[in-house]
Amino acid sequence: MQIDITVNGTAESHDVEARTLLVYYLRDAVGLKGTNVGCDTTSCGACTVLLNGESVKSCTVLAAQVAGEEVTTIEGLALEDGRMHPVQQAFQECHGLQCGYCTPGMVMAITSLLAENPDPTEEYIRLGLEGNLCRCTGYHNIVAAALAASQALEMRQ
Amino acid sequence: MSILGNRVLRREDPKFLTVGGTYVADLALPGSVHVTFVRSSMAHARIVSVDSTYAQAMPGVLAVYTNDDLGLPKFPTIMGMTNEAMTPPMLASGTVRYVGEPIAAIVAESREIAEDALEQVVVEYEPLKVVIDPVKARTDEDLLFPDAGTNTSFSLDFGGDETLFDDCEVVVELTLANQRVAPCPLEVRSAAAHMSEDGRLEFNSSTQAPHGVRDALATFLDLEPDQVHVVTPDVGGGFGAKGAVYPEDIVVGWCAQKLGRPVRWTETRSESMLGLGHGRAQVQHVRIGGTREGAVLAYRIEVLQDTGAYAGFGAVLPFMTRMMTSGPYKIPRAECASYSVVTNSTPTTAYRGAGRPEATAAIERIMDLFAREIDMDPAELRRRNLIEKDDFPYTTPVDTVYDVGDYHRALDLALEVAGYDDLRAEQVRRRTAGDVRQLGIGLSCYVEITNGLPDGEFGAVEVRPDGKVIVRTGTSPHGQGHVTAWSMLVAEQLGVAIEDIEVIHGDTDVVPRGAGTMGSRSLQVGGAAVNQAAVDVVEKAKDLAADLFEADRDDIVLDKANGRFHVVGTPALSRSWAELAEAAAKDGTALFAEVDLASPGPTYPFGTHISVVEVDTETGKVNVLRHIAVDDAGRIISPLLAEGQVHGGIAQGVAQALLEEVVYDLDGNPLTSTLADYSFISAAELPSYETRFTETPTPVNALGAKGIGESGTIGSTPAVHNAVCDAVAHLGVRHIDMPTTPVRVWSAINDAVTGHGTAKGGR
Ligand code: FES
Ligand code: FES
């Protein structure tokens, strides 16, 4: 079936099987490979993207369910002038990534968390990231990056 | 000023953060077909038949292959040490020995078709007796390999000294489990293969050792190594478990050869939980003895290692456990005996620490029990028995030679950062008040071995006429940040900007040799090789500069501040790296040096971790409040990366102490085969860490560096485990096996208080 989704501001229209998950729509139909798959039980969050600005696990949503809506992936997060988004920047500055596999999902999840709560505590972030697993960083620097990004975003306003 | 030791941000990051990494599953492979594997649903059974008639007839299915179709040999033994009858076949041959064992490979036009076809293959089994408990396996009552006549795959037993504990006033014993865990790199196993136009096998692999994969493919598929080209793109973590070559990798290569079509395979997470090797899986019996004043005189550990269904790397893990028998302590007499046995479970393999965390967990837990027995503070007992800094090189009772260390310094710093005395005072307060939430303080002093296998490493540095520096390394990073670290090393030697350096790894055509990244070896061997190549290229450049300046070779100076060469005394007249490379090119040569560094031998990082936990005595729930880690990995080249390694290690170590365990029922059915069932640790269960480094440079390599990849895991698990047991010790609990889940903690408290059960005496 033909499914139209706005991805990173671009109108996409692709003919895919009705059972196609959003994550495979993005990876295979649109060709954006930044969003990763880490599990088959909605447990890891590697596939997290923004749906109308809010984080969702794209392995748990059918592409057909979000036809006509707006999806943002890691590839669409950088600022218009090409500079990294404050969350992306904080990840580099705080060494919030190692192998990078969880990273796109983490960055999107944190972007969404900070939109909900611009001035979060460490605990708020840790609980908010419960569904995003990372095996490399021990989360310390991911949490630090989230806190640093919240400050940077605040300063921008 | 030196760049080494500074906080340099990772050069790798912008790509990962803006478009994501390029993992095997992300690679374009036009026209590719997909492989899936029919896997055993039985833990132990004879295969009566495999009927793939329906699957083969499905549109889009190209072929279904069983082991007989492949005609490939079995895997070899590990370094000739393991029982030959117990090595794995490529696909199950006649008998299946664990749930998840691959039985047949399906090749189809799409992943969906291949998955649909899986359900159409009918395997008829005749069940055999299942052996899941390693203690039971050791009795040889039911055998996995009747031809072998035993379940023992490997053992290390040099006999025991019956008088070992004779002069000890106090002897304490414990049997403890170092439970089976799943490594869980976030990227699962994945491979892609095709034949190039000139008939070579092109192979992409999510591995820690591309050259190992190349050599294995060549051996099994009967090709010359140069007929195989392995490229490792970005790899989403490995933790030791991607150091080995798996049967699936070989089958994917075989299918590409056989069908002449591009082939790809990416397992599901649920397959990975059963197919990727598991870690740890030891049952240990330990005994410690000494005086009432706290002098430890004797120690013995007996290890029962669960190998899983076939004898792979897991079988020889006790080799490393044995090397680290007596830990950081000066114990006059220490022994280790080990027995590795096969059971009907996923084969075990290296997992972050590989044999050393097990050694540390055993001695650190029994040190606490010994301290309790003689009524001494556990920190004090450790202080009295640590090897002194003047004792190095120190030869242990099992003949391991520790290079260098200052173990007391690490202990003292950890106690200071923790505010140990205040913590103990708070603990007393809560105990006296009978608080529901009790405080536990756990220590772990560790020493471990890095670069334990005697492989050397390749490194090369080339300066091009455009001023770009190309570095090639035989290591194979998958998150460790070698691009940044090796750039720092080369920038330091050459005096060039990091941005002008390109680091190439993971391509067997461009990098001729390499042992890969595992066992915390990379910096001390691979980094050292690159460093040496950089030193050599500076020397070559000086030769060229001497010719150009018509000056004496010994008068040539490299000004590292600007990366230019001049004759001593006349800095105004200078030549750049690019100019010298240009001169070399005119001579028909290149400004290039390559090094095959022989292994300089292992190094022994050490440190002290302290964990502070709160245990809810009504629910058994453990909350980690603080984790203090003092690690000494010799000279720290990149504090940013070193700290990151420690952080990741701590999380995995805490996970083992508190949460994670691979569980099988008695019929060998896995109960933790998805990430929904397996308690993969999350941010919500961890605090931020307090990390410090002490730096005691090792004389073993030119960088003075030891490995830091696994220390966090090794140091943290026993600290947390001891903290949990410490929190409830005053209630009469002697020991709780890992993982210290709420149920276990609650039961232990309940048993102790009511005087029932076995928790008091451990297992
Ligand atoms: S892939 Fe794991 S939650 Fe979506
Ligand atoms: S950086 Fe590797 S899983 Fe998070």
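Residue numbers (this note's numbering), protein chains in the order written: chain A, 1 to 157; chain B, 1001 to 1763.
Beta carbons: idealized from backbone N, C-alpha and C, even for Gly.
Please confirm whether residue i has its beta-carbon closer than 8 Å to some beta-carbon of chain A.
{"i": "Y1402 (chain B)", "result": "no"}
{"i": "K1760 (chain B)", "result": "Here K1760 (chain B) scores only 40 on pLDDT, less than 50, and its place in the model is too uncertain to base an answer on."}
{"i": "I1650 (chain B)", "result": "yes"}
{"i": "F1392 (chain B)", "result": "no"}
{"i": "R1763 (chain B)", "result": "Because the pLDDT at R1763 (chain B) is just 36, under 50, the model does not fix this residue reliably, and the point stays unresolved."}
{"i": "F1016 (chain B)", "result": "yes"}
{"i": "R1269 (chain B)", "result": "yes"}
{"i": "S1476 (chain B)", "result": "no"}
{"i": "L1009 (chain B)", "result": "yes"}
{"i": "N1750 (chain B)", "result": "no"}
{"i": "A1683 (chain B)", "result": "yes"}
{"i": "E1187 (chain B)", "result": "yes"}
Tell me, please, whether the CB atom of residue i is closer than 8 Å to any CB atom in chain B?
{"i": "L97 (chain A)", "result": "yes"}
{"i": "R156 (chain A)", "result": "no"}
{"i": "D40 (chain A)", "result": "yes"}
{"i": "V107 (chain A)", "result": "yes"}
{"i": "R83 (chain A)", "result": "no"}
{"i": "K33 (chain A)", "result": "yes"}
{"i": "H140 (chain A)", "result": "yes"}
{"i": "I5 (chain A)", "result": "no"}
{"i": "Y25 (chain A)", "result": "no"}
{"i": "T10 (chain A)", "result": "no"}
{"i": "V143 (chain A)", "result": "yes"}
{"i": "L127 (chain A)", "result": "yes"}
{"i": "Q151 (chain A)", "result": "no"}
By alpha-carbon positions, which one of the options ends up nearest to residue i?
{"i": "D1226 (chain B)", "options": "B:V1303, B:V1510, B:V1483", "result": "B:V1510"}
{"i": "E1690 (chain B)", "options": "B:V1612, B:H1566, B:E1388", "result": "B:V1612"}
{"i": "T1210 (chain B)", "options": "B:I1078, B:A1191, B:R1372, B:M1273", "result": "Checking the sequence shown, residue 1210 (chain B) turns out to be Pro, not Thr. Comparing Cα-Cα distances from P1210 (chain B) to each of B:I1078, B:A1191, B:R1372, B:M1273, the minimum goes to B:A1191."}
{"i": "L1580 (chain B)", "options": "B:P1602, B:A1572, B:T1619, B:D1547", "result": "B:D1547"}
{"i": "N1178 (chain B)", "options": "B:A1515, B:R1322, B:D1306, B:L1597", "result": "B:D1306"}
{"i": "C39 (chain A)", "options": "B:A1362, B:E1373, B:E1271, B:N1385", "result": "B:E1271"}
{"i": "V1605 (chain B)", "options": "B:D1412, B:H1730, B:V1503, B:Y1407", "result": "The amino acid occupying residue 1605 (chain B) in the given sequence is Pro; Val does not appear at that position. The option with the nearest alpha carbon to P1605 (chain B) is B:Y1407."}
{"i": "Q1056 (chain B)", "options": "B:T1077, B:A1104, B:T1095", "result": "B:A1104"}
{"i": "E1539 (chain B)", "options": "B:G1527, B:A1529, B:V1530, B:R1553", "result": "B:R1553"}
{"i": "Q65 (chain A)", "options": "A:E17, A:T42, A:N36", "result": "A:E17"}
{"i": "N1623 (chain B)", "options": "B:D1596, B:G1459, B:L1659, B:G1712", "result": "B:L1659"}
{"i": "E116 (chain A)", "options": "A:G128, A:H140, A:E123", "result": "A:G128"}
{"i": "L1062 (chain B)", "options": "B:G1644, B:F1037, B:A1108", "result": "B:A1108"}
{"i": "S1487 (chain B)", "options": "B:H1478, B:G1506, B:D1507, B:V1461", "result": "B:V1461"}
{"i": "P1233 (chain B)", "options": "B:R1214, B:S1206, B:T1475", "result": "B:S1206"}
{"i": "V1170 (chain B)", "options": "B:R1333, B:A1361, B:I1387, B:G1294", "result": "B:G1294"}
{"i": "D1466 (chain B)", "options": "B:A1585, B:V1398, B:P1332", "result": "B:A1585"}
{"i": "E1685 (chain B)", "options": "A:Y124, A:Q89, A:K33, A:S150", "result": "A:Y124"}
{"i": "C102 (chain A)", "options": "B:D1167, B:E1173, B:V1019", "result": "B:V1019"}
Against chain C, does residue i count as a neighbour if the rule is that its beta carbon must be under 8 Å from one of theirs?
{"i": "P104 (chain A)", "result": "Considering every chain present, this structure includes no chain C. Its protein chains are A and B."}
Which residues does DSSP pair with residue i in a beta bridge?
{"i": "W1265 (chain B)", "result": "B:A1191"}
{"i": "G1279 (chain B)", "result": "B:V1181"}
{"i": "A1045 (chain B)", "result": "B:V1096, B:P1127"}
{"i": "C134 (chain A)", "result": "DSSP lists no partner for C134 (chain A)."}
Residue j and residue i - do their beta-carbons sit closer together than 8 Å?
{"i": "Y1420 (chain B)", "j": "P1328 (chain B)", "result": "no"}
{"i": "D1140 (chain B)", "j": "N1151 (chain B)", "result": "yes"}
{"i": "E1426 (chain B)", "j": "L1415 (chain B)", "result": "no"}
{"i": "G1481 (chain B)", "j": "V1130 (chain B)", "result": "no"}
{"i": "G1260 (chain B)", "j": "G100 (chain A)", "result": "no"}
{"i": "R1352 (chain B)", "j": "T1717 (chain B)", "result": "no"}
Quick one: does the C-beta of residue i sit closer than 7 Å to a heavy atom of ligand 4?
{"i": "C102 (chain A)", "result": "With respect to ligand 4, the structure shown offers nothing to examine, as its ligands consist of ligand 1 and ligand 2."}
Subject >> Uninterrupted alpha helix (DSSP H) stretches inside the stretch 1469-1529 of chain B (no shorter than 4 residues) >> reply: Counting whole runs of 4 or more residues, the stretch 1469-1529 of chain B contains the alpha helix (DSSP H) stretches 1482-1494.
Subject >> Sequence ranges, alpha helix (DSSP H) only - wholly within the stretch 1594-1673 of chain B, length at least 4 >> reply: The qualifying runs are 1639-1658.
**OP:** Just list the alpha helix (DSSP H) runs in the stretch 1069-1144 of chain B, keeping only unbroken ones of 4 residues or longer that don't cross its boundaries, in chain order.
**Re:** The stretch 1069-1144 of chain B contains these whole alpha helix (DSSP H) runs: 1111-1118, 1134-1138.
**OP:** Mind listing, in chain order, the continuous alpha helix (DSSP H) runs of no fewer than 4 residues lying wholly within the stretch 1377-1447 of chain B?
**Re:** The stretch 1377-1447 of chain B is shown to contain whole alpha helix (DSSP H) runs of 4 or more residues at 1378-1385, 1407-1418, 1420-1433, in chain order.
**OP:** Give, in chain order, every unbroken run of the alpha helix (DSSP H) that is at least 4 residues long and sits entirely within the stretch 63-128 of chain A.
**Re:** Runs found: 86-93, 103-116, 122-128.
**OP:** Run through the stretch 1677-1761 of chain B for me and flag every whole beta strand (DSSP E) of 3 or more residues, listed as ranges in chain order.
**Re:** Entirely contained in the stretch 1677-1761 of chain B, the beta strand (DSSP E) runs reaching 3 residues are, in chain order, 1690-1693.
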